[in-house]
Every structure is written in structure tokens, then in C-alpha cells.
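Chemist: Protein chains in written order, with our numbering: chain F, 173 to 714; chain G, 3 to 340. Can you keep this structure in mind? I'll have questions shortly.
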């Protein structure tokens with residue numbers, strides 16, 4: 173066995189070459205202009221500005237201006253240096269050693285050293301500070317040691333494959349920040365190392381960043397090195413899609429994210445604007461079928477649901493070609509573990525749906541044409557949280573409802589519920605179907621959340637499966653660092669979950685959109701994790 | 003959906019209680035004491051009702067705070083300990099009351115900030131918006147009523163306009179105003195609480211529907227007043243019709259309109275939610291809705307106290323306005339009762 177060690181020169185340069193066309197855009201060869209201010213209209217206001225505690229995918233593009241991580245990712249899933257110059261994993265897979273840069277300082281003037289990084293890890297392990305996050309990947313850290321000023325050693329209690337992604341992606345805060353009364357709320361007092369620092373936050377209105385002139389430690393695959401181009405960048409919170417669009421077309425903001433399907437046409441092929449979209453990583457918007465309650469306890473009914481709905485047609489008619497149909501337990505953007513062979517291996521088959529339902533005993537019909545068994549109607553309740561009801565999902569669910577009725581005599585009842593009701597129903601298993609999607613790439617961790625038993629880390633196990641084979645596979649995958657082996661295990665799980673057990677019906681792949689005025693250059697998506705990138709590489713054409 | 007209708011539960015006790023006290027006692031000191039007493043009673047009732055109703059609403063606080071993240075006994079214990087949720091409910095209630103009496107409103111469960119700071123930072127934008135919206139509403143109501151009362155054609159035009167405004171969802175009205183005056187004509191900026199010009203459109207979006215409601219009531223009052231014998235008397239002095247309406251008619255017509263306005267202004271707070279999110283403005287409306295949905299008790303209770311205060315103040319103001327508008331009420335409260 174060899175020690176894995178990243179070779180700085182080779183990997184970095186290759187990544188740079190691979191990343192270049194994707195980022196700044198091949199359309200321009202002009203020299204970037206320094207200076208200017210940019211205003212970006214965003215949909216979501218961060219709940220807290222502390223990057224450790226904020227779990228919102230949509231807050232990342234804002235917080236990444238001020239807070240940085242040990243390693244950055246490349247489009248092909250590799251790692252390149254950022255705050256750490258180098259890393260190594262021991263042969264037994266339980267000791268991670270990070271070598272830090274020696275020229276990095278926090279916004280509050282403190283120097284970045286191994287002790288500061290170690291403090292971040294030990295603090296995060298305290299439930300009183302980080303709540304649920306303490307139960308995540310940091311829970312595997314048994315010891316965080318600053319061997320010397322530059323060398324950080326993390327010891328794990330057991331091999332945990334997704335750990336590198338988690339550790340490399342942890343935002344590092346200055347040690348002084350942990351003593352601040354504002355620690356949990358975040359804000360200007362909580363110092364990071366990023367190319368911008370938070371200047372002013374007006375709740376409900378905007379957050380403004382100012383350039384960090386001392387910045388000189390961009391990740392190896394960034395579009396440039398040295399300080400950021402912009403003097404200031406302001407993110408204005410505009411929750412309504414139509415208002416963001418209008419603000420951009422009338423020149424009141426320079427960039428927006430979250431463009432509705434109907435408005436995309438305004439910016440596409442319009443020389444005054446640029447428009448780009450990227451499929452989300454994570455899981456598709458999927459109908460998860462409850463295996464512990466009602467008709468969907470029967471695997472035949474679940475398989476019938478998958479066969480009764482013509483997903484292709486529904487997606488095309490609801491989104492007019494602006495959204496992509498999903499097939500798997502992960503989205504195709506998840507380049508680590510998405511197994512493409514699932515595509516086309518199941519699908520719309522009304523004959524099969526009706527045969528399965530007949531076999532399951534739902535063979536008679538009531539006056540309205542719905543199937544019944546022992547006088548009871550075949551009825552499944554979809555519980556959709558209002559908090560995640562976006563992207564015309566209500567229209568989509570209505571189309572699914574109509575298809576189920578028409579093709580198989582299956583009655584789908586739609587319930588849109590508030591956060592409290594949703595939490596109660598989710599915890600108690602009082603639902604037939606919960607539809608949802610997750611939007612971040614966490615090196616397969618989301619599979620664990622979806623398919624482990626609920627009391628063993630399956631916090632969003634909506635199908636409520638406790639199949640012992642799944643737990644065994646997931647355990648095996650987590651304890652190997654062999655990426656090929658992990659891929660095969662997740663692929664087997666995918667076939668088991670969708671083809672054999674029909675735990676869920678994937679509908680579509682959510683995506684992120686960015687529209688910008690044509691004079692804004694260097695705006696784009698993060699490599700690999702596919703969320704909109706911060707403002708470091710952005711510059712304004714004179 | 004119209005969230006405006008949901009929050010009008012508090013004003014009823016506020017007005018009823020205060021009126022009750024006012025009518026039973028005589029003399030200024032007694033009136034003031036009664037007023038303060040009833041105010042405190044309303045505040046206490048608002049806190050208690052909010053506390054109970056948040057606990058009755060589905061979903062327990064710890065589960066909501068954890069959401070769909072990892073849940074372990076240690077995490078739950080840490081959250082309970084941090085917010086004092088491990089104590090029995092009556093103890094939580096009493097300790098909250100004690101802390102509030104000492105001026106400590108606690109920290110937001112969700113936003114993690116001091117509630118007093120949070121509310122203070124959001125109250126000014128809200129007050130600006132409500133004041134501006136009220137101004138728009140009153141001007142609209144006055145102009146529409148004075149110009150159209152008792153005249154067939156203007157009356158039906160104003161009536162149709164008012165009906166349209168009242169029945170237009172405020173979300174839609176906001177977008178429409180933005181589309182016209184901000185995106186197309188570029189007269190006013192979209193968002194934020196940054197300058198006076200940024201206040202114009204939100205104030206119109208919030209104020210016009212309110213003005214339409216008040217306008218209808220005011221017009222009816224004005225028409226009734228103009229038919230009364232005193233109007234004939236004033237006309238016989240040779241006073242112009244316009245002066246008659248402004249100086250004499252309005253005073254008579256104002257009583258019901260003032261009551262209605264006082265009552266509606268309180269509802270502006272919750273009506274502001276939609277306007278705030280359309281225009282990307284800071285303000286209490288959005289903070290409140292998010293706090294209620296997330297069962298963020300300290301924020302909900304602080305807003306309940308604040309709204310109760312607003313209602314008590316408004317009901318006092320309305321009573322004072324009554325006295326100013328209608329001299330018959332001034333002489334003695336005993337006569338007013340009779």
C-alpha cells in the first residue's frame with residue numbers, strides 16, 4: 173500500500189487547464205479590469221452568516237466570499253491546494269495530515285496556523301455549538317492535533333470514506349471568532365480568510381462585502397491569483413423571481429440567480445445579457461414512497477406507481493423543455509457516483525401497473541373509477557412542505573395526480589403543509605409520499621441520509637426502509653477508500669432501491685441559473701459542486 | 003393567500019377592554035389609570051395567547067430546529083439545554099415573563115441574534131412603510147370621497163376603481179407597480195429601505211387597497227351628512243359646495259372612517275409581509291411570518307407584545323380623535339354613555 177499524497181505541481185496544473193474554459197469563459201481575451209462595485213440579486217437570505225452552521229445551499233455563493241476551506245475541488249472530482257498546500261492519508265485510512273500555507277491571515281489580523289484549524293474541528297464537535305453538524309463527518313474525528321505551526325493531523329476513530337470531502341470543505345474561522353457573542357449569528361465580527369470581508373449586513377435587504385487587499389492565496393484552479401478585481405460586491409435579497417428579472421433588465425442589479433423557466437428566454441441569445449445554468453448535484457426531485465404505511469407498504473403497489481406515470485411526458489409538458497427528466501438516486505451532475513446504466517431501465521408501462529395492482533388485490537373500481545379493495549379506495553397521500561414548493565412543483569404534482577388516476581385508477585391526494593405539520597408528519601411517518609430533492613454534492617453522504625434507518629443517521633429516509641442489505645452495503649462503502657468499489661456498491665443500491673423495491677420515483681433534476689449583464693465577466697459556477705461561485709473572479713468591463 | 007385576515011384577533015379585546023374601562027370610570031386620572039391598566043391587561047393577554055398558540059400549533063420546537071438534519075440524543079439535549087426547553091411549560095412561561103419584565107427578550111432560536119436588536123433593526127423600516135402607506139390611504143380616500151360623493155358618474159368611476167384595488171392581491175399590485183414605474187419607466191428603484199424614492203412604490207402597493215376601503219366608508223358617510231338638515235342650512239349661507247364638503251361634511255363622515263382606519267392600520271403590519279418580500283424591503287412582517295412558521299418563540303412573543311402596544315396606542319388615539327371630531331362626546335363621559 174502507498175500513502176496517498178497529492179502532487180502539487182502535476183495535479184494543480186492539470187486542474188487549471190481543465191477549469192479555465194469553464195470559468196472565465198472562452199469568449200473574451202481582454203485583460204480583466206480592476207475596481208468597481210457589483211450588485212447581485214439573490215433569492216435566499218442566509219439564516220445565519222456563520223458558515224459552519226448555515227446549511228442552505230443557496231447561501232454558499234454569498235458566504236464563500238469571506239470564508240475559505242483547506243482544499244478546492246476540480247471538475248473531475250480531484251482536490252487542489254487552497255489554505256492547505258498538501259495533504260496525505262495514512263495507509264490505514266485513519267490519519268489525515270494537512271500541510272498549511274504559511275502566508276495566510278484572517279480578516280481580524282490573526283495568522284492562520286494549525287492550531288487555528290484544529291480549534292475549528294474541535295469546536296464543531298460540540299453539540300452546544302454546532303447542533304446536528306456535530307453528528308456529521310466531524311463526529312468521526314477522535315483527535316485534532318497541531319503537530320507544528322504548519323501541520324495539522326486529524327485522527328479518525330474508523331475509516332470513513334466521505335471524510336476528505338467534508339474536512340476539505342470546512343470553512344475555517346479565526347480563533348478569536350469563537351469568543352465573539354455574535355458567533356452563532358455570524359457577521360462582520362466572525363473573521364475568515366476570503367478575498368472579501370463582510371462590511372455591512374442589513375437584515376431583509378442586503379449584505380455588502382469589501383475587497384480584502386491582502387489576499388494572495390486563491391485556490392490553484394481559480395481564474396486568477398492575488399486580490400479580487402471588484403472593490404465591493406453587494407448581494408440584495410429579492411425573494412420574487414419576477415422582481416429579480418425586472419431588476420436585471422432595468423439595470424438596477426448586475427447579476428441575478430434563480431431565473432424562472434418563463435424568464436430564461438429574455439436572457440438567452442440576448443447580446444445584452446449572459447445566461448447560464450447548471451444541473452444540481454445531490455438527489456433529483458423524487459416521490460419517496462412510504463414502505464411502513466398504507467397501500468405503499470406493498471412492493472407491488474410501489475412498482476405500480478412507478479409504472480403508472482409517464483414522467484417523460486409530464487416533465488416536458490410542465491417545464492417546456494427547461495428541465496431534465498431524472499432516473500437515478502443521484503443526479504447526473506454527481507460525477508462521483510451517478511450510475512448512468514439506470515437510465516431507461518424502468519419507466520412508463522400502464523399495462524404492468526394495472527396487472528400489479530390487480531395482483532395486489534386492488535381489482536374492483538368505485539363509482540369514480542378509482543381502484544378499491546374490500547370497499548376501501550386505493551388512495552395515497554402526498555405531503556409536500558410549502559417551504560420546498562418552488563419551481564412549479566405544484567403543477568408537476570397535479571400532472572402526476574392526473575396520470576395516476578387516468579392510467580391506473582390510483583387516487584393521489586395532495587397536501588401542502590406548513591413547517592410544523594411537515595416535521596410532525598415526517599417524524600411520525602404519517603404520509604404516503606414525501607417529494608423532495610437535495611442540492612449539494614457531499615461525496616455520497618446524501619445516500620446515507622436517504623437510505624440508512626432513521627435512528628442510525630437516515631435523517632431524510634423518506635421511504636423509511638430499514639432493509640438490512642442496504643445498511644450492510646452502506647457500511648461497506650463507507651469503510652473503503654477505493655472509489656471504484658464505492659461506485660459499484662452505490663450502483664447496486666440504486667438498482668435495488670428503484671427497480672426491485674421501488675422506494676422512490678425520480679421526477680426531474682433541479683438546476684441553478686445565473687443571468688448577468690453582458691459587461692459582467694467571470695461569473696459562473698463552482699467546479700464539481702455546481703453551485704454559483706463567489707465574486708472572486710468577477711470583473712466589470714469598462 | 004391573504005395573511006392580513008389572520009392577525010386581527012388581538013384588536014377586538016384591545017378595543018373592547020379599553021372602551022369598557024373608559025366608560026365605567028369618571029374623571030381624568032381614573033381614565034388614565036384605566037387606560038394603563040387595560041393596556042397592561044392586553045399586553046399580558048397577547049403574550050399568553052401567543053405562547054399557548056405556538057405550543058398548540060403542530061410540530062415541536064426541537065424537531066423544527068433540527069429540521070431534516072442529523073438527530074441524535076446529544077444534539078436534542080444540547081438544543082433543549084441551550085433554550086431552556088427542558089423545563090416544564092409553565093416554568094418556561096413564568097421565566098419568560100420575569101425576563102421580559104427585566105427588559106430581556108431573549109435570543110432568536112433560528113437567527114441566533116438578540117430579539118431586542120432584531121426587532122429594533124426592523125421596526126424603523128416597518129414604521130416608515132406603514133406611515134407612508136397610511137398617508138397614501140388617507141389622501142386617496144379623502145380625494146376620492148370628496149370628489150365623488152353624491153355625483154353619479156364620478157361615484158361609479160371611483161367605486162369601480164376602489165373595488166378593483168380592494169380585490170387586487172397586494173402581490174400582484176406590487177409587481178404591476180414595479181413593472182410600470184421601476185422596470186419600464188425607471189422612475190423608482192426596486193428594493194430596500196435606502197432612500198425616499200424606494201419607499202414610494204411599496205407605500206402605494208400597501209396603501210391604495212387600504213385607501214379604497216376607507217374611501218368607500220367615507221363616501222357613504224359624506225353622502226349621509228350631505229342629506230342632513232345642517233347641509234341645507236350651510237348651503238343657504240351661500241357657502242360653496244366644495245367648502246361644505248370639506249369643512250362640514252367630512253367631520254360628520256369621519257367617525258366611522260376613523261374607527262375603521264385605526265383598526266386597519268394595525269393590520270398593516272401583517273399586510274406588509276407580501277409587500278416587503280416583493281420589494282426586498284427589511285421589516286417586521288417577514289421576520290414575524292418566518293418566526294411563526296419556525297416556532298421561534300422569543301421572536302413571536304416580542305412581536306406579539308409590540309403589536310399589542312400598537313393596538314393599545316391606536317385605540318387611545320382613535321378615542322382622542324373622536325373627542326376632537328365630535329364635540330358632543332366631549333362634555334362628560336356619563337353623557338356619552340347615555
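Every residue gets a Cβ at the ideal spot worked out from N, C-alpha and C, and that includes glycine.
1) Going by C-alpha to C-alpha distance, which of F:454, F:273, F:383, F:387 sits closest to residue 406 of chain F?
2) Output needed for residue 536 of chain F: all residues of its chain with C-beta closer than 6 Å, excluding positions within five of it in sequence on either side, in chain order.
3) Candidates G:134, G:324, G:131, G:101: which alpha carbon is nearest residue 118 of chain G's?
4) Can you find a CB in chain G that lies within less than 8 Å of the CB of residue 410 of chain F?
5) With 7 Å as the C-beta to C-beta threshold (strictly closer), list the residues of the region 342-363 of chain F near chain G in chain order.
6) Candidates F:431, F:673, F:581: which alpha carbon is nearest residue 563 of chain F's?
7) Around the Cβ of residue 137 of chain G, are there at least 16 other Cβ atoms within 10 angstroms (buried) or fewer (exposed)?
8) State whether the region 71-81 of chain G contacts the region 623-641 of chain F, with contact taken as three or more CB pairs (one from each stretch) at a distance under 8 Å.
9) Less than 8 Å separating the beta-carbons of residue 313 of chain F and residue 297 of chain F?
10) Checking 8 Å against the spacing of the C-beta atoms, do residue 669 of chain F and residue 594 of chain F come in under that value?
11) Hey, how far is the Cα of residue 712 of chain F from the Cα of residue 211 of chain F?
12) According to the neighbour-count rule (16 or more other Cβ atoms, all chains shown, within 10 Å of its Cβ), is residue 353 of chain F buried or exposed?
13) Can you list, in chain order, the residues of its chain whose CB lies under 7 Å from that of residue 561 of chain F, leaving out five sequence neighbours each side?
14) Would you call the region 396-410 of chain F and the region 300-318 of chain F touching, i.e. three or more CB-CB distances under 8 Å?
15) Note down the Cα distance separating residue 336 of chain F from residue 267 of chain F, rounded to an integer number of angstroms.
16) For residue 321 of chain F, which option in F:356, F:288, F:705, F:695 has the closest C-alpha, if you only look at C-alpha atoms?
17) Listed from N- to C-terminal order along the chain, which residues in the region 111-127 of chain G have their beta-carbon within a distance smaller than 8 Å of any beta-carbon of chain F?
18) Compare the C-beta of residue 297 of chain F with all C-beta atoms of chain G and state if any pair is closer than 8 Å.
19) Could you please tell me which residues of the region 370-390 of chain F, in chain order, have their CB closer than 9 Å to any CB of chain G?
20) Name the chain G residues whose beta carbon is nearer than 7 Å to that of residue 591 of chain F?
21) How long is the line joining the alpha carbons of residue 3 of chain G and residue 173 of chain G, rounded to whole angstroms?
22) Pairing CB atoms from the region 117-132 of chain G with CB atoms from the region 196-212 of chain G, are three or more of them under 8 Å?
23) Just to make sure I have the definition right: I need the residues of chain F whose C-beta is within less than 7 Å of the C-beta of residue 39 of chain G. Which are they?
24) How far does the alpha helix (DSSP H) with residue 213 of chain F in it extend, from its first residue to its last?
25) One question on the structure: do residue 61 of chain G and residue 591 of chain F come within less than 8 Å of each other, judged by their Cβ atoms?
26) Could I get the ranges of all uninterrupted alpha helix (DSSP H) runs contained in the region 172-218 of chain G, with 4 residues as the minimum, in chain order?
27) Taking the alpha-carbon of residue 110 of chain G as reference, which of G:316, G:321, G:104, G:305 has the nearest alpha-carbon?
28) Below 8 Å between beta carbons is the criterion; list the residues of the region 594-616 of chain F that meet it against any residue of chain G, in chain order.
29) Use the C-beta contact count for residue 608 of chain F: other C-beta atoms within 10 angstroms, 16 or more gives buried, fewer gives exposed.
30) Quick check: is the beta carbon of residue 130 of chain G nearer than 8 Å to any beta carbon in chain F?
31) If distances are taken between C-alpha atoms only, which option among F:264, F:512, F:601, F:551 comes closest to residue 664 of chain F?
32) Are there three or more Cβ pairs, one per stretch, closer than 8 Å when the region 698-709 of chain F is compared with the region 230-240 of chain F?
33) Between which two residues does the alpha helix (DSSP H) harbouring residue 543 of chain F extend?
34) How many Å lie between residue 98 of chain G and residue 265 of chain G at the Cα?
35) Going by alpha carbons, who is nearest to residue 331 of chain F out of F:261, F:385, F:303?
36) Could you check the C-alpha separation between residue 64 of chain G and residue 78 of chain G for me, to the nearest Å?
Modeler: Checking against the coordinates, here is how it stands:
1) F:383
2) 544
3) G:101
4) yes
5) 356, 357
6) F:431
7) exposed
8) yes
9) yes
10) no
11) 11 Å
12) exposed
13) 588
14) no
15) 11 Å
16) F:288
17) 112, 113, 114, 115, 120, 123, 124, 127
18) no
19) 374, 375, 376, 377, 378
20) 61, 66, 295, 296
21) Bear in mind that the predicted position of residue 3 of chain G carries a pLDDT of just 37, short of 50, making it unreliable; the figure below should be weighed with that in mind. Those two C-alpha atoms are separated by around 10 Å.
22) yes
23) Simply none; closest approach about 35 Å.
24) Segment 209-214 is the beta strand (DSSP E) holding residue 213 of chain F; no alpha helix (DSSP H) there.
25) yes
26) 172-179
27) G:305
28) 594, 595, 596, 598, 599
29) buried
30) no
31) F:512
32) yes
33) Where residue 543 of chain F is concerned, there is no enclosing alpha helix (DSSP H), although the beta strand (DSSP E) it sits in stretches over 543-545.
34) 29 Å
35) F:261
36) 7 Å
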